[in-house]
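Chemist:
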Amino acid sequence: MRRAERLFRLVDEMRTRSISRADDLANHLEVSTRTIYRDIAHLQASGLPIEGAAGVGYLLRPGFDLPSVTFTHAQLDALAIGLAFAENLEDPQLALAAREVRAKLQASMPQPEARKLADAPYFAVPRRPRPDSLATTDLARAPISAQTDALRDAIRTQRVVAACYSDANGKITQRRLRPLAIWTLADGAMVTAWCELRETFRTFRLDRITQLTVTDARFVPEPGQDLAAFLKMDNCTAES
Numbered sequence: 001m002r003r004a005e006r007l008f009r010l011v012d013e014m015r016t017r018s019i020s021r022a023d024d025l026a027n028h029l030e031v032s033t034r035t036i037y038r039d040i041a042h043l044q045a046s047g048l049p050i051e052g053a054a055g056v057g058y059l060l061r062p063g064f065d066l067p068s069v070t071f072t073h074a075q076l077d078a079l080a081i082g083l084a085f086a087e088n089l090e091d092p093q094l095a096l097a098a099r100e101v102r103a104k105l106q107a108s109m110p111q112p113e114a115r116k117l118a119d120a121p122y123f124a125v126p127r128r129p130r131p132d133s134l135a136t137t138d139l140a141r142a143p144i145s146a147q148t149d150a151l152r153d154a155i156r157t158q159r160v161v162a163a164c165y166s167d168a169n170g171k172i173t174q175r176r177l178r179p180l181a182i183w184t185l186a187d188g189a190m191v192t193a194w195c196e197l198r199e200t201f202r203t204f205r206l207d208r209i210t211q212l213t214v215t216d217a218r219f220v221p222e223p224g225q226d227l228a229a230f231l232k233m234d235n236c237t238a239e240s
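Oh and the sequence shown: position 9 is 9 in full-length UniProt numbering, straight run, nothing missing.
1. Taking contact to mean at least 3 C-beta pairs separated by less than 8 angstroms, is the stretch 96-107 in contact with the stretch 78-88?
2. Throw me the rounded Cβ distance for the LEU206 and THR148 pair, which I believe falls under 8 angstroms.
3. Give the DSSP-derived three-state secondary structure of PHE8 in the structure shown.
4. Any idea if VAL220 is buried or exposed, counting beta-carbon neighbours within 10 angstroms, 16 or more meaning buried?
5. I'd like the list of long-range same chain contacts for ARG2, defined as Cβ closer than 7 angstroms, with 5 residues on each side in sequence excluded.
6. Using only the alpha-carbon positions, how far apart do ARG152 and PRO223 sit?
7. Per DSSP, which one or two residues make a beta bridge with LEU76?
8. Between ALA41, THR72, ALA150, which has its C-alpha nearest GLU59's C-alpha?
9. What residues match up with MET173 in a beta bridge as DSSP calls it?
10. Hey, could you find the ends of the alpha helix (DSSP H) GLN44 is sitting in?
11. Can you tell which of ALA54, LYS171, SER46, ALA74 has the C-alpha that lies nearest to the C-alpha of CYS21?
12. Since LEU231 and VAL161 should fall inside the 8 angstroms C-beta cutoff, what is the C-beta to C-beta distance between them, to a whole number of angstroms?
13. Have a look at ALA78 and ALA124 and give me their C-alpha separation to the nearest angstrom.
14. Are the CB atoms of LEU227 and ALA181 within a distance shorter than 7 angstroms?
15. If you follow the beta strand (DSSP E) that ASP207 is part of, which residue opens it and which one closes it?
16. Rounded C-beta distance between THR192 and THR203? I'm assuming under 8 angstroms.
17. Return helix, strand or coil for GLU196, following the three-state DSSP convention.
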């Protein structure tokens, strides 16, 4: 967690408590007590009305609030479109997070801007079933939401993924993938990975992955096999 995000969460947490103990704050933010002491000292030096001392507890005096966030009309439109898209994802964890982001933004904005975000005329249509042959087969594939959760974790922790992939003809191959990026589309999602079987980059449709397991094997992206190298390619190969 970046320090700026941690400081924001620290202030937000202290606003909900009468007395905040450093141990409790450290457990909530998953950092050391010493880090909490340093962060509170930094906030006090920045002018935040925090009273108390180490070993006793801290109190954020009533009446303090974080500065309002302001956006231009174009920035509000971008937020509204992005949130509408994220709120309609098949991934319930991300959809819920998007709704929480919307609520936090509206709570921190001046009322006119909060109203504009709430009333923005931008919508996203939920994904419909694909009309192709794969949509009507009996393949026992995991829900896409579970796949994206697992893939996000694998990307964060740089772990190899074992997957069974069904091509356009229904032929299934077993792959060991080093996942690098997830692409979210209006009608589904794809993952770009370094494929150990093909020894090159491949992009896979998630609705064609019949089984997916995050292994304990870790990888370090090598030059020429990392996301930066993939994004420099003129032609990005996708599995059929």
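For each residue, glycine too, the CB sits at the ideal point set by N, CA and C. Bear in mind that the values here come from a model prediction, so they are computed numbers and not experimental data.
Modeler: Judging by the given coordinates:
1. The stretch 96-107 makes contact with the stretch 78-88; the number of CB pairs closer than 8 angstroms reaches 3 or more.
2. About 7 angstroms separates the two Cβ atoms, so the contact holds.
3. In this structure, DSSP gives PHE8 a helical state, which the three-state scheme calls helix.
4. Result: exposed.
5. Closer than 7 angstroms at Cβ, skipping near neighbours: no residue.
6. Computed Cα separation, rounded: 21 angstroms.
7. Answer is none; LEU76 lacks a bridge partner.
8. Sequence check: residue 59 is Leu here, not Glu. When C-alpha distances from LEU59 are compared across ALA41, THR72, ALA150, the shortest belongs to ALA41.
9. According to the sequence displayed, residue 173 carries Thr and not Met. According to DSSP, THR173 bridges with TYR165.
10. Unbroken alpha helix (DSSP H) run through GLN44: 33-45.
11. Looking at the sequence shown, residue 21 is not Cys but Arg. Ranking the options by Cα distance to ARG21, first place goes to ALA54.
12. Going by Cβ atoms, the distance from LEU231 to VAL161 rounds to 20 angstroms, so no, they are not a contact pair.
13. Taking the Cα positions, ALA78 is about 13 angstroms away from ALA124.
14. By the CB criterion at 7 angstroms, ALA181 and LEU227 fall inside the cutoff.
15. For ASP207, there is no enclosing beta strand (DSSP E), since its DSSP letter is neither H nor E.
16. About 5 angstroms separates the two Cβ atoms, so the contact holds.
17. Residue state, collapsed to three classes: coil.
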